[in-house]
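K.L.:
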Amino acid sequence: MSGAGGTTAVRLLIHASSDIPVDTPRVPAREAAEHELSKPMYHENDPNLLQQGLDKLWGWISDLLDTASGIAPGGPVGLVVLVLIVLGLAAALWWRLGTPHRTVRSADALFGDRPRSAAEHRKAAEAHAAAQRWNGAVQERMRAIVRSLEERALLDPRPGRTADEAAAEAGRPLPAHAARLHAAARDFDDVTYGGRTAGQQAYLALRALDLDLETTKPVLATTARGAAE
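Numbering (the numbering used here), first residue to last: 167 to 395.
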């Protein structure tokens with residue numbers, strides 16, 4: 167009987183042990199879960215990298231605005247008023263001072279380091295024009311005009327002179343061409359510093375001005391004073 171009882175006890179123990187849940191180690195379980203979740207089927211509807219970046223950016227901006235509105239007097243309404251004031255001041259400065267890039271660049275010298283004659287500048291301009299490189303043609307023709315006026319002693323040779331300064335100075339002895347000289351200087355600045363592209367008409371206008379100046383007699387200061395008296 168004791169033998170039968172022992173056999174029964176062993177069977178009960180084995181049956182009880184089979185009901186105990188298996189305790190899987192934590193690290194392998196986490197790795198298995200990560201491997202399962204990494205399958206493409208779980209990420210078909212996820213936003214792309216661009217959308218994720220935009221979401222983070224808008225979240226950052228929203229947090230920044232919330233913080234600013236909490237600090238600004240009057241809350242969100244006060245923040246809007248401050249933004250409008252800043253934009254108004256920026257627009258006023260832009261209107262008053264003009265484009266900073268243009269202002270800085272237009273102060274650069276008209277000529278390079280190596281001086282050349284008016285004839286050399288004209289030759290370079292014609293070479294650019296023949297190749298339809300109108301920007302270079304306009305630049306070289308303007309340099310030819312100014313150099314020619316220096317060679318005729320209508321302008322004093324001065325290093326660092328800008329196209330605008332040359333046009334203003336040349337307009338005094340050549341008043342009939344003052345407006346065209348000013349327009350030529352503006353075309354030079356636009357293609358050299360303003361990032362604009364010249365065309366054939368712009369070059370032909372400078373070429374005609376150059377030819378007209380060659381045959382124009384200057385109005386000297388003494389002549390102008392005598393006529394006034």
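Don't be surprised by glycine CBs; every beta carbon is placed ideally from N, CA and C. Just so we're clear, the structure is a prediction, and the values are computed from it rather than from any experiment.
Provide the residue span of the alpha helix (DSSP H) that contains Ala385, from first to last.
P.N.:
As written in the sequence, residue 385 is Val, which differs from the Ala given in the question. Looking at the DSSP string, Val385 is not in any alpha helix (DSSP H), and its letter there is neither H nor E.
K.L.:
According to DSSP, is Gly254 part of a helix, a strand, or is it coil?
P.N.:
Reduced to three states, the DSSP call for Gly254 is helix.
K.L.:
DSSP on Gln298, reduced to helix/strand/coil?
P.N.:
Reduced to three states, the DSSP call for Gln298 is coil.
K.L.:
Round the Cβ separation of Ala336 and Leu315 to the nearest angstrom and send it over; I've been treating them as touching at under 8 Å.
P.N.:
Right, the Cβ-Cβ distance comes to about 5 Å (below 8 Å), so this counts as a contact.
K.L.:
Is Ser183 helix, strand or coil by DSSP?
P.N.:
With a pLDDT of only 48 at Ser183, under the threshold of 50, the placement of this residue in the model should not be trusted, and no figure is reported.
K.L.:
CB-CB under 7 Å to Ala284, same chain, minus the five flanking residues each way: which ones, in chain order?
P.N.:
So the qualifying residues of the chain are Ala310, Arg313, Ser314, Glu317.
K.L.:
Identify whether Val270 lies in helix, strand or coil by the three-state DSSP scheme.
P.N.:
Bear in mind that a pLDDT of 38 at Val270, under 50, signals an unreliable position, so the number given afterwards is only what the model happens to contain. Val270: helix per DSSP, three-state reduction.
K.L.:
Mind reading off the beta-carbon distance from Thr382 to Ala333? Whole number of angstroms is fine, and I expect it under 8 Å.
P.N.:
Incorrect: roughly 15 Å between the Cβ atoms, too far for contact.
K.L.:
Would you kindly work out how many angstroms separate the C-alpha atoms of Leu216 and Lys222, rounded to a whole number?
P.N.:
Looking at the two C-alpha atoms, the distance is approximately 10 Å.
K.L.:
Is Thr328 helix, strand or coil by DSSP?
P.N.:
Three-state DSSP puts Thr328 in coil, outside helix and strand.
K.L.:
Select from Arg346, Ile251, Ala351 the residue whose C-alpha is nearest the C-alpha of Arg327.
P.N.:
Cα-wise, what sits closest to Arg327 is Ala351.
K.L.:
On the three-state DSSP scale, how would you describe Ser314?
P.N.:
Reduced to three states, the DSSP call for Ser314 is helix.
K.L.:
Using the Cβ count rule (16 or more neighbours within 10 Å means buried), how would you classify Gly305?
P.N.:
Contrary to the premise, residue 305 reads as Gln rather than Gly in this sequence. Its Cβ being crowded by 16 or more others within 10 Å, Gln305 is buried.
K.L.:
Under the three-state reduction of DSSP, which class applies to Thr358: helix, strand or coil?
P.N.:
Thr358 falls in the helix class under three-state DSSP.
K.L.:
Using the three-state DSSP reduction, which class does Ala351 fall into: helix, strand or coil?
P.N.:
Helix.
K.L.:
From the DSSP output, in three-state form, read off Thr363 for me.
P.N.:
Coil.
K.L.:
Just how far apart, CA to CA, sit His348 and Leu255?
P.N.:
The alpha-carbon atoms of His348 and Leu255 are separated by roughly 32 Å.
K.L.:
Rounded to whole angstroms, what is the Cα-Cα separation between Leu320 and Asp376?
P.N.:
Approximately 14 Å between the Cα atoms of the pair.
K.L.:
Do the CB positions of Trp300 and Ala364 come within less than 8 Å of each other?
P.N.:
Contact: yes.
K.L.:
Below 6 Å CB to CB, which residues in the same chain sit around Asp356 once its five sequence neighbours on both sides are set aside?
P.N.:
Answer for Asp356: Arg362, listed in chain order.
K.L.:
Could you work out which residue in Val252, Thr233, Leu276 is closest to Pro325 when comparing CA atoms only?
P.N.:
Closest option to Pro325, Cα to Cα, is Leu276.
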